[in-house]
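Participant:
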Amino acid sequence: MTEADPREELVTHFPALRAFAISLTRNAAAADDLLQDTIVKAWSNMDKFQPGTNLRAWLFTILRNTFYSGKRKTRREVSDSDGLYAARLASKPDHDGRLALRDFRAAFDQLPDEQREALILVGASGFAYEEAAEMCGVAVGTVKSRANRGRKRLAELLDLAEGEGTEMTDRATLAVLSSHKTALAG
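In this note's numbering, each residue carries its 1-based index in the sequence shown increased by 22.
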């Protein structure tokens, strides 16, 4: 005599499983969801059920484990009904940074060679004004002036208001746009 397929017996356990689910969740809708999850797990793992053993006990175990796994998962979730927490976690699409970098490069290319050189040395490369002046063979004030004029011109070309930053994540690019002290602090 061949054993009956346990899948055919599943339906007979639904009322008892649902009652157990309601007792755990104390909510009929949540119990129905829990029952559905249990049946899906049981169905997809039926090959792990040992014929001849207690199917009802196996199903109750799956339901119970599913319930407590859900509870553990819920404890790690953050309640955010007004969306404030999620809004702080949002990130801009990657293409925004690429577009901003493309605009920056186009503006940077419009600067005179001396200003670009000064900004690269004191901004992106992090050299002190004195070191940059020595490398270029000019006075420290000249390097400061070139860097300052370069930053102002970049801000104009990028349509940045006074004190407004860019949304680029490239530290070197940000350093070129910021003052020397700020660049070294970052």
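Backbone N, C-alpha and C fix where the C-beta goes; we use that ideal spot for every residue, glycine too.
#1: Among the candidates F89, T88, F82, G172, whose CA atom is the shortest distance from the CA of F126?
#2: Quick check on the burial criterion: 16 or more other C-beta atoms within 10 angstroms. Buried or exposed for Q58?
#3: Answer yes or no: do S158 and L143 have a C-beta to C-beta separation smaller than 9 Å?
#4: Quick one: grab the DSSP three-state call for A154.
#5: Within a Cβ cutoff of 8 Å, which residues of the same chain sit near A64, ignoring the five residues on either side of it in sequence?
#6: Please state if the CB of L141 and the CB of F130 are separated by a distance shorter than 9 Å.
#7: Around the Cβ of V165, are there at least 16 other Cβ atoms within 10 angstroms (buried) or fewer (exposed)?
#8: From this set, R98, L123, A155, R168, which residue's C-alpha is nearest D135's C-alpha?
#9: First and last residue of the alpha helix (DSSP H) that includes S87?
#10: According to DSSP, is G163 part of a helix, a strand, or is it coil?
#11: Between the C-alpha atoms of D69 and T34, what's the straight-line distance to the nearest angstrom?
#12: At which residues does the alpha helix (DSSP H) containing T60 begin and terminate?
#13: Does the beta-carbon of F149 have 16 or more other beta-carbons within 10 angstroms, so that it is buried, or is it exposed?
#14: Can you tell me which of L56, T96, G74, A51 puts its alpha carbon nearest to the alpha carbon of D27?
#15: Specify, as a first and last residue, the run of the alpha helix (DSSP H) that F42 falls within.
Facilitator: In terms of the structure at hand:
#1: Considering only alpha carbons, the answer is G172.
#2: Here Q58 is exposed, its C-beta having fewer than 16 other C-beta atoms within 10 Å.
#3: At residue 158 the sequence reads Cys, which differs from the Ser that was named. Yes, the pair counts as a contact, with Cβ atoms nearer than the cut-off.
#4: The answer is helix: DSSP assigns A154 an H, G or I state.
#5: Only L32, F71, W80, L81, I84 meet the Cβ criterion.
#6: By the CB criterion at 9 Å, F130 and L141 fall inside the cutoff.
#7: Classification of V165: buried, given that the 10 Å Cβ count is 16 or more.
#8: Ranked by Cα distance from D135, the options R98, L123, A155, R168 are led by R168.
#9: In the sequence as displayed, the identity of residue 87 is Asn instead of Ser. If you look at N87, you'll find it in the alpha helix (DSSP H) that goes 77-98.
#10: G163 falls in the helix class under three-state DSSP.
#11: C-alpha of D69 to C-alpha of T34: approximately 19 Å in a straight line.
#12: That run of the alpha helix (DSSP H) goes 50-66.
#13: Buried: at least 16 other Cβ atoms inside 10 Å.
#14: Nearest C-alpha to D27: G74.
#15: Taken as a continuous stretch (DSSP letters only), the alpha helix (DSSP H) holding F42 covers 36-47.
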